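Before any comments, here is the structure.
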Amino acid sequence: MKSYDRIFLVGPMGAGKTTIGRRLASRLHLEFIDLDSALEERTGVDIPRIFDIEGESGFRRRESQLLDELTQRKGIVLATGGGAVIDPNNQRHLGARGLVIYLRATLDTQIKRTHGTNRPMLNGEDPATRLSALMQTRGPIYEALADRVIDTEDGHPERLAEDLARALEESGIVDPH
Ligand SMILES: Nc1ncnc2c1ncn2[C@@H]1O[C@H](COP(=O)(O)OP(=O)(O)OP(=O)(O)O)[C@@H](O)[C@H]1O
Ligand SMILES: O=C(O)C1=C[C@@H](O)[C@@H](O)[C@H](O)C1
Ligand SMILES: [Mg+2]
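Residues in the sequence shown are numbered consecutively from 1, following the numbering used here.
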């Protein structure tokens, strides 16, 4: 079986990519990188500000550039942003360079977990309508890219990360570090 030393987490806003990714990396002794945070560090401003200044297209351009760079690092768990899978180049890089894990969450759960946070894609419209529309286009892409799908509805992030780490180690699918 093919063995990987890069894990990429994909899925919608609120699925827990950042939260579970950090814990998963720690359990697997891999470096954790969050694409959204890395982009904020690079630019020196937060994501809402990037959307304000450059719009979604500017944000996507920066996101794709950084994704290309970071998906070439070894020994990492990379939590992507919810929309990072839209760009076909990103899809190619994710699919070719590592193990892709889709963290799935229901619409209700996404709404609860994103409530009160500043996510520019959810500004100005009813979050349920928006999240549902995003899932219509992105859901099939998450599914198509995924080597594994994890349901995040039940279970604490710590527990989900522990179970996932164990499953990956036992299957020999990740290189031990
Ligand atoms: N399995 C879980 N159970 C309960 N709460 C969770 C779970 N996973 C994440 N959360 C909570 O949901 C919120 C959103 O999680 P997180 O930021 O990790 O999502 P994300 O997938 O990285 O979203 P984005 O695409 O916007 O970056 C956080 O407050 C986190 O603590
Ligand atoms: O779903 C999206 O399009 C986004 C999700 C977040 O992770 C950020 O990448 C940004 O807010 C856009
Ligand atoms: Mg995140």
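By construction, the Cβ of each residue, glycine as well, lies at the ideal position given by its N, Cα and C atoms.
Since the structure is predicted, the reported quantities are computational estimates derived from the model, not experimental observations.
What residue range is occupied by the uninterrupted beta strand (DSSP E) comprising Glu31?
-> For Glu31, the enclosing beta strand (DSSP E) begins and ends at 31 to 34.
Alpha carbon to alpha carbon, what distance is there between Leu28 and Leu168?
-> Taking the straight line joining both Cα atoms gives about 9 Å.
Glu56 burial status per 10 Å Cβ neighbour count (16 or more: buried) | Within a 10 Å sphere around the beta-carbon of Glu56 sit fewer than 16 other beta-carbons, which makes this residue exposed.
Spatial distance of Thr106 from Ile20 (CA atoms) | Distance between the alpha carbons of Thr106 and Ile20 is about 16 Å.
If you check the beta carbons only, do Tyr102 and Leu66 fall under 9 Å apart?
-> Cβ distance not < 9 Å, so Tyr102 and Leu66 don't count as in contact.
Over what stretch of residues does the beta strand (DSSP E) that includes Ile178 continue unbroken?
-> In this structure the chain extends from 1 to 177, so residue 178 is not present and cannot be described.
Arg73 - DSSP class collapsed to helix/strand/coil | If DSSP states are grouped into helix, strand and coil, Arg73 belongs with coil.
Would you mind sorting Met13 into buried or exposed? The rule is 16 or more other CB atoms within 10 Å of its CB.
-> The residue is buried, with at least 16 neighbouring Cβ atoms inside 10 Å.
Three-state class that DSSP yields for Asp141 in the structure shown = With the sequence shown as reference, residue 141 is identified as Ile, and Asp is not the correct amino acid for it. Ile141: helix per DSSP, three-state reduction.
Please confirm whether any heavy atom of ligand 1 lies closer than 8 Å to the CB of Pro157.
-> It does: the Cβ of Pro157 is within 8 Å (strictly closer) of some heavy atom of ligand 1.
Cα-Cα separation between Gln110 and Arg23, rounded to whole angstroms = When the Cα atoms are used, Gln110 and Arg23 turn out to be separated by approximately 20 Å.
Among Leu94, Gly139, Asn90, which one has its Cα closest to the Cα of Val77?
-> Considering only alpha carbons, the answer is Leu94.
What distance in whole Å lies between the Cβ atoms of Leu9 and Thr80, which are believed to be in contact at a cut-off of 8 Å?
-> Thr80 to Leu9, Cβ: 6 Å. Contact.
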